[in-house]
Amino acid sequence: MTALFAGFFDDAALFPPGNAPMAAAVPAHQARNGDLVGPFVLPATRLAEVGPHLRSGGPPLDVALIAAPADLPAAAAAIAENPGLRLVTVEAKVAVDAAQARSTVRVTAALLPPDCTVAVEVPRTDGRDEVLDVLAGTGLRAKLRTGGVRADLFPSPAELAATIRACTDRGIAFKCTAGLHHAIRHTDPVTGFEHHGFLNVLLAADEPAHAEKHLRRTDGAEIAAELHSWSPERAARARSVFTSFGTCDVADPVHDLVHLGLLPERITV
Numbered sequence: 436m437t438a439l440f441a442g443f444f445d446d447a448a449l450f451p452p453g454n455a456p457m458a459a460a461v462p463a464h465q466a467r468n469g470d471l472v473g474p475f476v477l478p479a480t481r482l483a484e485v486g487p488h489l490r491s492g493g494p495p496l497d498v499a500l501i502a503a504p505a506d507l508p509a510a511a512a513a514i515a516e517n518p519g520l521r522l523v524t525v526e527a528k529v530a531v532d533a534a535q536a537r538s539t540v541r542v543t544a545a546l547l548p549p550d551c552t553v554a555v556e557v558p559r560t561d562g563r564d565e566v567l568d569v570l571a572g573t574g575l576r577a578k579l580r581t582g583g584v585r586a587d588l589f590p591s592p593a594e595l596a597a598t599i600r601a602c603t604d605r606g607i608a609f610k611c612t613a614g615l616h617h618a619i620r621h622t623d624p625v626t627g628f629e630h631h632g633f634l635n636v637l638l639a640a641d642e643p644a645h646a647e648k649h650l651r652r653t654d655g656a657e658i659a660a661e662l663h664s665w666s667p668e669r670a671a672r673a674r675s676v677f678t679s680f681g682t683c684d685v686a687d688p689v690h691d692l693v694h695l696g697l698l699p700e701r702i703t704v
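For the sequence shown, counting from 1, position 149 maps to 584 in my numbering; every step adds exactly one.
As structure tokens, this is what we get:
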């Protein structure tokens with residue numbers, strides 16, 4: 436099952452609720468082993484802070500850069516000039532309408548190499564479909580917001596299911612950001628917020644016609660059993676749709692998968 440979760444967990448240690456300091460987050464990421472963890476998610480506004488904390492002599496730090504199109508040229512140039520950094524993904528800030536989406540497509544196509552993936556945050560408004568229409572056929576991904584520090588930042592199962600279907604209908608892969616702290620849908624005991632589970636989202640990506648049903652499920656053991664039955668081809672197809680999600684503590688989702696029997700107990704990240 437390990438292959439199903441390869442590169443699934445983007446390291447968003449800098450972001451809430453973890454808010455790790457740069458001096459701790461960068462060395463921790465560079466010390467990680469295995470294939471489960473994706474790139475280090477870094478806002479362009481904090482790019483200048485990274486350099487003093489990079490490990491010398493090792494491989495470069497793979498960066499998922501969060502930037503507005505206007506800030507991308509300078510940020511990409513700064514990364515290219517630093518041998519300790521490697522730009523592998525760009526996450527563009529939310530495009531509120533088709534015009535902003537087209538601008539992002541133009542800037543990234545002109546500036547970035549083909550092997551650098553790009554995800555554009557999709558608005559949770561009536562502008563969603565026009566943004567997705569622009570992204571369709573470009574190879575760019577959608578970025579879906581699945582939570583945050585307020586209850587209103589969590590889309591309902593119906594809303595998230597509709598957005599997943601809107602992506603898959605257009606052949607657009609997506610990643611998720613915020614709120615996916617655990618594998619299975621649950622109520623946070625501190626805030627009382629209903630959180631989506633990342634395995635629920637994976638099932639929804641696999642069967643978008645039944646996305647809302649999957650997003651509402653809380654039967655962790657049954658979900659784990661279903662995933663165990665997936666063929667490698669089915670797993671690869673689902674992951675080609677739901678590519679990754681940001682997590683402020685990669686140990687939490689991995690612990691959940693171990694508890695569900697989907698990863699071996701001896702695994703480390």
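For every residue, glycine included, the Cβ atom is placed at its ideal position computed from N, Cα and C.
Candidates A438, V525 and I607: closest to D564 by CA position: I607
Cβ neighbour criterion (16 or more within 10 Å) applied to T539: buried
Cβ shell of T581 (< 8 Å), same chain only, five flanking positions each side left out: F589, P590, L595, C611, T612, A613, G614, L615, H631, V636 and F680
Nearest-angstrom Cα separation, counted from L634 out to P667: 16 Å
Run of the alpha helix (DSSP H) containing G681, from where it starts to where it stops: Element bounds for G681: not the alpha helix (DSSP H) but the beta strand (DSSP E), F677 to T682.
Touching by the beta-carbon criterion (3+ pairs, under 8 Å), the stretch 524 to 532 and the stretch 499 to 516: yes
The beta strand (DSSP E) enclosing E700, as first and last residue numbers: Per DSSP, E700 lies in no beta strand (DSSP E) and is assigned neither H nor E.
A671 versus H617: straight-line alpha-carbon distance, rounded: 21 Å
Proximity of V584 and P451 at Cβ, strictly below 8 Å: P451 is positioned such that its CB atom lies closer than 8 Å to that of V584.
Which listed residue (H645, G572 and L697) has its alpha carbon closest to that of W665: L697
Best match in V485, A533, L567 and G655 for proximity to T598 [C-alpha to C-alpha]: Considering only alpha carbons, the answer is L567.
D687 versus D446 - alpha carbon distance: Spanning the two alpha carbons is a distance of roughly 12 Å.
Backbone secondary structure at V523 - three-state DSSP: Three-state DSSP puts V523 in a strand.
Rounded C-alpha distance that separates P592 from A639: 10 Å
Length of the line joining the Cα atoms of A533 and G492: 44 Å
H694 versus R701: straight-line alpha-carbon distance, rounded: Going by the C-alpha atoms only, they are around 12 Å apart.
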